[in-house]
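Protein chains in written order, with this note's numbering: chain B, 6 to 400; chain H, 37 to 120. C-beta atoms are modelled at their ideal positions from N, C-alpha and C, and glycine is treated no differently. Written out below as structure tokens is the structure these notes cover.
This is the structure in structure tokens:
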């Protein structure tokens, strides 16, 4: 099979519920199963998702709910008619569109049987959509689009778990029992207290942001760091910088990864550190003046610009361009005023070449997206600067 | 799935395949109307077929080969694979 470059994995539609305690009701039951059997099957389908998150699903028999479930035939009022036995089995709406799930009542829905169509499997898949997951291209994932036939011990694939936890975080440990559902003791949980998670939402300013060589994006602040997902902050963060990058101090000034050698460089005061992945290279730290001649100490931000692959350093109202292939690496025409980057403020906190190809600048809890072609801060609605907490850290 | 007595709606013709690709987000929705399907360029149809083949892990040929038609006949979820 010709493999495409992109690794296969879950997909997030882009919306999720802001609350984790959700309600549901079955407004219209299938014609060929007993109601109480359907109730149990649907409950078990939801439990696949609550097993790995703090989501809870409460059935209601009437009134407004988050997720309404209906078994319908043919055209049923949403402009997306069912097609009889086979073909389309069911469909569901993402949270932003209401979250409801519809099942084709002309299918032969069965429970614990190798014949017909297994209700629990299809329901669990559709509820993945109701929670904000799109289809996965991982063949074994529950969120793959195709029906797989009855599986007596249905469970989520790791891809499904990663996807749902990217949206709603990991299941928090039950500290008063100090053990997880399996009864194993978790005396030394590595997850920091949740109040620290509020750190970025209380004040979204950061010390620096950078991408690692494997394409992950990190935010550093004080002694802590967060790994970012497409949507928000990855579950289980913040963690301590020194725990993951042994030998690296907190309160870092600037950081970037130089793709050409895959190394990540960290700057603080008059020194810099070089890492391969999360392992410090020998004989570091070194003076900035030694490895980056022409670049000052006590930097504000640094990044590699996609426009020319050169390294840019920012400090107060000036910037420097460093080209490792040139001698000297910094021309004597530098430093230049940051005002040349139209719309950018001085005294930046961080600069990042994000995986979407855009360049982002952060200052004081806000951020700017830079338009490389116009060589100016992008004009967009809502305008820049935007609150980093909402758009980057899931606040 | 045939063991489960499935009378799946088999996708066997080009038009059915293009309606399928349109229904699941690989071709523009206008193609759901068979009369419009001739408006699609061969290139865009081949690209849509390739994207579907890549998504489901088939050999990427850009043609409606047997494997691809068989995959399109498997019962599935009605939500698009490609969400705008």
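For residue 173(B) versus residue 338(B), is the C-beta spacing smaller than 8 Å?
-> On the first chain, position 168 is the one that residue 173(B) refers to. On the first chain, position 333 is the one that residue 338(B) refers to. No, these two residues do not count as a Cβ contact at 8 Å.
Taking Cβ-Cβ distances below 8 Å as the criterion, which residues of the region 67-97 of chain B are in contact with chain H?
-> 85, 87, 88, 89, 90, 91, 92, 93, 94, 95, 96, 97
Start and end of the beta strand (DSSP E) containing residue 107(B)?
-> What you label residue 107(B) is simply residue 102 of the first chain in a count that begins at 1. Counting along the chain, the beta strand (DSSP E) containing residue 107(B) begins and ends at 106-109.
Please classify residue 370(B): is it buried, with 16 or more other beta-carbons within 10 angstroms of its beta-carbon, or exposed?
-> Taking the first residue of the first chain as 1, we reach residue 370(B) at position 365. That one is buried.
DSSP on residue 210(B), reduced to helix/strand/coil?
-> Translated into the one-based positions of the first chain, residue 210(B) becomes position 205. Reduced to three states, the DSSP call for residue 210(B) is coil.
Out of curiosity, what's the CA-to-CA distance linking residue 103(B) and residue 90(H)?
-> Here residue 103(B) corresponds to residue number 98 of the first chain, with the count starting at 1. Here residue 90(H) corresponds to residue number 54 of the second chain, with the count starting at 1. Their Cα atoms are separated by approximately 30 Å.
Where do the ends of the alpha helix (DSSP H) carrying residue 127(B) lie?
-> Your numbering for residue 127(B) matches position 122 in the first chain. Start and end: 124-136.
Could you round the C-beta distance between residue 96(B) and residue 115(H) to whole angstroms and report it? I think they count as a contact, below 8 Å.
-> Along the first chain, read from residue 1 onward, the residue named residue 96(B) stands at position 91. Along the second chain, read from residue 1 onward, the residue named residue 115(H) stands at position 79. Yes, they are in contact, since the Cβ atoms of residue 96(B) and residue 115(H) sit about 5 Å apart, within 8 Å.
For residue 353(B), which residues of its own chain have a beta-carbon under 6 Å away from its beta-carbon, when the five flanking residues on both sides are left out?
-> Along the first chain, read from residue 1 onward, the residue named residue 353(B) stands at position 348. Around residue 353(B): 305, 306, 319, 366, 368.
Run the CB neighbour count on residue 123(B), radius 10 Å, all protein chains shown included, and call it buried at 16 or more, exposed below.
-> Start at 1 with the first residue of the first chain, and residue 123(B) comes out as number 118. Residue 123(B) should be labelled buried.
Which listed residue (170(B), 322(B), 165(B), 315(B)) has its alpha carbon closest to that of residue 334(B) = As a first step, residue 334(B) is located in the first chain; it is residue number 329 there, counting from the start. The option with the nearest alpha carbon to residue 334(B) is 315(B).
Check whether the Cβ of residue 117(H) lies closer than 8 Å to any Cβ atom in chain B.
-> Residue mapping note: residue 117(H) aligns to position 81 of the second chain, counting from 1. Yes, contact with chain B.
Using 8 Å as the limit for Cβ to Cβ distance, is residue 144(B) near chain H?
-> For the purposes of this step, residue 144(B) is identified with residue 139 of the first chain, where counting begins at 1. Yes, because at least one Cβ of chain H sits closer than 8 Å to the Cβ of residue 144(B).
Option in 63(H), 113(H), 110(H) with minimal Cα separation from residue 84(H) | Along the second chain, one-based indexing puts residue 84(H) at 48. Checking every option, the nearest Cα to that of residue 84(H) belongs to 63(H).
Nearest-angstrom beta carbon gap, residue 118(B) and residue 155(B) [assumed within contact, 8 Å] | Indexing the first chain from 1 puts residue 155(B) at position 150. Indexing the first chain from 1 puts residue 118(B) at position 113. Confirmed, Cβ separation roughly 6 Å.
Collapsed DSSP secondary structure at residue 78(H) in the structure displayed | Counting from 1 along the second chain, the entry for residue 78(H) is found at position 42. Residue 78(H): helix per DSSP, three-state reduction.
Pull up the CB-CB distance for residue 375(B) and residue 364(B), whole angstroms please, since I reckon it's below 8 Å.
-> Counting from one through the first chain, the residue named residue 375(B) turns up at place 370. Counting from one through the first chain, the residue named residue 364(B) turns up at place 359. Yes, residue 375(B) and residue 364(B) are in contact; Cβ-Cβ is about 4 Å, under 8 Å.
When you compare only the Cα positions, how much space is there between residue 72(B) and residue 235(B)?
-> Locating residue 72(B) in the first chain gives position 67, where the first residue counts as 1. Locating residue 235(B) in the first chain gives position 230, where the first residue counts as 1. Cα to Cα, the separation comes out at about 25 Å.
Nearest chain H C-beta to residue 18(B) closer than 8 Å, yes or no?
-> Against the first chain, residue 18(B) aligns to sequence position 13. By this cut-off, residue 18(B) is an interface position.
Using a Cβ-Cβ cut-off of 6 Å (strictly less than) and excluding sequence neighbours within five positions of residue 213(B), which residues of its own chain qualify?
-> On the first chain, residue 213(B) is found 208 positions in, with the first residue counted as 1. Taken in chain order, the residues that qualify are 225, 257, 259, 260, 355.
With DSSP collapsed to three states, give me the class of residue 66(B).
-> For the purposes of this step, residue 66(B) is taken as the residue at position 61 of the first chain. The answer is coil: DSSP assigns residue 66(B) none of H, G, I, E or B.
If we call anything under 8 Å between Cβ atoms a contact, is residue 303(B) one with residue 274(B)?
-> Residue mapping note: residue 303(B) aligns to position 298 of the first chain, counting from 1. Residue mapping note: residue 274(B) aligns to position 269 of the first chain, counting from 1. Yes, these two residues count as a Cβ contact at 8 Å.
Within the 8 Å Cβ cut-off, does residue 111(H) reach chain B?
-> The residue given as residue 111(H) occupies position 75 in the second chain. Chain B, which has a Cβ nearer than 8 Å to the Cβ of residue 111(H), makes this yes.
Scan the region 29-104 of chain B and note each continuous beta strand (DSSP E) run of 3 residues or more that stays entirely inside, going in chain order.
-> 61-64, 72-77, 93-97
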